[in-house]
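Going by numbering that gives the first Met the number 0, the first residue of the sequence shown is number 0, and it counts up by one from there. Every residue gets a Cβ at the ideal spot worked out from N, C-alpha and C, and that includes glycine. Read through the structure below, which is laid out as structure tokens, and then see the notes.
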Amino acid sequence: MSQRGERRGGIHVDQSDLLCVKGCGYYGNAAWQGLCSKCWREEYQRVRTQQIQDDWALAAKLQREEEAAYASSHTPPAAHSAQASPGQPTPPGQPTPPAQPSLGTFSKFEEKKTNEKTRKVTTVKKFFSPSSRTAAKKESQEGKTPSPSVVRHASFETEKVSKEFVEYLKSLQKPGREIHKQCRAFMVSMAGKKDLGADELSECVQDFYQSLSDRLIGHYKGSSESVEAVMDQVEKYIMTRLYKSVFCPETSDDEEKDLVTQARIRALHWVTIQMLCVSFEEEIPEVSENVVKAITDIIDMDSKRVPRDKLSCITRCSKQIFAAIKTTKNEPASADDFLPALIYIVLKANPPRLQSNIQYITRFCNPSRLMTGEDGYYFTNLCCAAAFIEKLDAQSLNLSTEEFDRYMSGQTSPRCSGNEGPDLTAPDVAPINPVLAQLNQSLDLLSGLDVRNDAVMSAAQSLQTELLSWPDNVQREVSGILEKYPLKIHPRNVSVAIDANNEDNDNLPPPLTPQVYAG
Numbered sequence: 000m001s002q003r004g005e006r007r008g009g010i011h012v013d014q015s016d017l018l019c020v021k022g023c024g025y026y027g028n029a030a031w032q033g034l035c036s037k038c039w040r041e042e043y044q045r046v047r048t049q050q051i052q053d054d055w056a057l058a059a060k061l062q063r064e065e066e067a068a069y070a071s072s073h074t075p076p077a078a079h080s081a082q083a084s085p086g087q088p089t090p091p092g093q094p095t096p097p098a099q100p101s102l103g104t105f106s107k108f109e110e111k112k113t114n115e116k117t118r119k120v121t122t123v124k125k126f127f128s129p130s131s132r133t134a135a136k137k138e139s140q141e142g143k144t145p146s147p148s149v150v151r152h153a154s155f156e157t158e159k160v161s162k163e164f165v166e167y168l169k170s171l172q173k174p175g176r177e178i179h180k181q182c183r184a185f186m187v188s189m190a191g192k193k194d195l196g197a198d199e200l201s202e203c204v205q206d207f208y209q210s211l212s213d214r215l216i217g218h219y220k221g222s223s224e225s226v227e228a229v230m231d232q233v234e235k236y237i238m239t240r241l242y243k244s245v246f247c248p249e250t251s252d253d254e255e256k257d258l259v260t261q262a263r264i265r266a267l268h269w270v271t272i273q274m275l276c277v278s279f280e281e282e283i284p285e286v287s288e289n290v291v292k293a294i295t296d297i298i299d300m301d302s303k304r305v306p307r308d309k310l311s312c313i314t315r316c317s318k319q320i321f322a323a324i325k326t327t328k329n330e331p332a333s334a335d336d337f338l339p340a341l342i343y344i345v346l347k348a349n350p351p352r353l354q355s356n357i358q359y360i361t362r363f364c365n366p367s368r369l370m371t372g373e374d375g376y377y378f379t380n381l382c383c384a385a386a387f388i389e390k391l392d393a394q395s396l397n398l399s400t401e402e403f404d405r406y407m408s409g410q411t412s413p414r415c416s417g418n419e420g421p422d423l424t425a426p427d428v429a430p431i432n433p434v435l436a437q438l439n440q441s442l443d444l445l446s447g448l449d450v451r452n453d454a455v456m457s458a459a460q461s462l463q464t465e466l467l468s469w470p471d472n473v474q475r476e477v478s479g480i481l482e483k484y485p486l487k488i489h490p491r492n493v494s495v496a497i498d499a500n501n502e503d504n505d506n507l508p509p510p511l512t513p514q515v516y517a518g
């Protein structure tokens, strides 16, 4: 075990691995093949343009072959011989061969060119999305009736966001009216594109972001801060209204990826802090509180509609992780400390629809937020964490294949003893999680409170019974006392003043007469 602990160096990702593979300095994204949003759009446009050119060249080649086949099938045998030697004159007495019916062929050619120009080029999607919409899924979508959510009235939240957006644009005066006009026109255009794939919907939204941002910077001479503030409000308004139709669309495989990731995280429930070399200790109450808040924040991401709000949840979760590491180490956390801790939080939280939320942010968030800043950095690390969990194996945790397979199958669970790693000789007892220990303590406290509550309720019922019987008891006691000590009323005695003229008092002596003595 000690050799294993010495051999392990923890999960390490160079900061250069988070940047765009083209070296432009912006953060990359696994969904964009390691490119940033700017380089990905340029590469996407280049590949799409090349694909369109190849399709045009193929269409022209097929058209020439079709024209040749059509001409050979509608030319008489005599005309074949005449065409074989075009330099020879037509023999006398023979009619001139009829002209080739090129007019009809040319009209068909123009029609095919128009169809080629208007149809969607879906081959380019395979360059970036191997699991894109298939032809069978497209055919199944054609036969479906419109979803009731398409004609559903706007929710309370949508109406609230619309009112807030209008109030915000009023402060911008003339630019605000132009922005509102552009947004309304874009929403009308998106109403007819609900059947497009996720990549096409993302392209439409990102094109609108880019055109509106360029217009604000070029035409209205807005500063970068003011333009960013306006674009945040535009994103909030648009994505709140489009959320139900573009989040985890039926034309994508986001739901299948969510189920796979969720099952994968459930199977990895046994992974411990020591295996990931996480740099915080949950035994510390403050750290345990930070961990609970981080799990709550990453789970809360699914309840938000706006990509910026989802990014805010990721940022809050990441800051709680940094706070937990700082409390444990008594020093600021490094990038090497952050990623293993984030992986641990994701494994413990098992966020709902993790892949759908990542794809939603990637497709419809304002690209400037993903390319730079703390939001972009934390989001890139979350993508790395999700990719690591998908590819996590025995070597990643420095376990043998047999140990890893036993843990994954649920036959046994690792028991951590300090920093020595998993003790395979110990009984199958899961490591004590401080959060679970606190939960058990709370359950015990609730059990004691339940017993005390029963005692209080019993005493209250007894008191109620006593209160109901108290008037009768008092009445009986009063009656008993009255019977034992009956009340007797004596006649009233009239008091008489001593010096009053009362003829009935003849026996009283006469009053004293004052006498004066001479000195």
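Check residue i in the structure and name its three-state DSSP category.
i	result
LYS137	Low per-residue confidence applies at LYS137: pLDDT is 44, beneath 50, and the placement is therefore not dependable, though the value from the model is reported in the following sentence. Correct three-state label for LYS137: helix.
VAL277	coil
TRP269	coil
GLU254	helix
TYR516	coil
ASP53	helix
GLU158	helix
PRO508	coil
THR326	helix
VAL305	coil
SER446	helix
ASP194	coil
PRO426	Residue placement at PRO426 is poorly supported in this model, since its pLDDT is 41, which falls under 50; the coordinates still yield a value, given next. It is coil, neither helix nor strand.
SER478	helix
LYS487	coil
LEU341	helix
ILE264	helix
PRO48	Note on identity: in this sequence residue 48 is Thr, with Pro being the wrong assignment. Reduced to three states, the DSSP call for THR48 is helix.
ASN472	helix
PHE108	For PHE108, the predicted model reports a pLDDT of 47, less than 50, meaning its position is unreliable; a value from the coordinates is still stated below. In the structure shown, PHE108 sits in a helix (DSSP, three-state: H, G or I).
GLN172	coil
GLN209	helix
SER222	coil
Would you decide whether residue i is buried or exposed? Buried here means 16 or more other CB atoms lie within 10 Å of its CB.
i	result
ARG451	exposed
TYR516	exposed
ASP404	exposed
ILE488	exposed
ASN472	exposed
PRO508	exposed
SER212	buried
ALA262	exposed
ALA334	exposed
VAL229	buried
PRO513	exposed
THR327	buried
GLY375	buried
Just the C-alpha distance for residue i and residue j, rounded to the nearest angstrom, thanks.
i	j	result
ILE480	SER461	27 Å
ARG307	PHE246	14 Å
ASP443	SER412	26 Å
PRO510	ARG491	29 Å
ASP267	ALA393	Note on identity: in this sequence residue 267 is Leu, with Asp being the wrong assignment. Going from the Cα of LEU267 to the Cα of ALA393 covers about 11 Å.
THR295	ALA184	38 Å
ASN289	GLU281	9 Å
ASP206	LEU341	33 Å
GLU255	ASP453	49 Å
ALA56	LEU215	39 Å
ARG304	ILE283	35 Å
SER72	GLN62	15 Å
SER210	CYS203	11 Å
MET186	ASN439	52 Å
ASN349	ILE324	21 Å
LYS162	GLU64	60 Å
MET189	GLU166	23 Å
LEU396	SER441	33 Å
Using a threshold of 8 Å, state whether the C-beta atoms of residue i and residue j are closer than that.
i	j	result
CYS316	ILE357	no
ALA197	THR250	yes
GLN437	SER287	yes
PHE337	PHE363	no
VAL277	PRO339	yes
ILE237	CYS312	no
GLN366	TYR208	It should be noted that the sequence gives Pro, not Gln, for residue 366. The answer is yes: Cβ separation under 8 Å.
ILE360	LEU310	yes
LEU352	ASP252	First, the residue type needs correcting, since residue 352 is Arg and not Leu in the sequence shown. Cβ atoms of ARG352 and ASP252: not closer than 8 Å.
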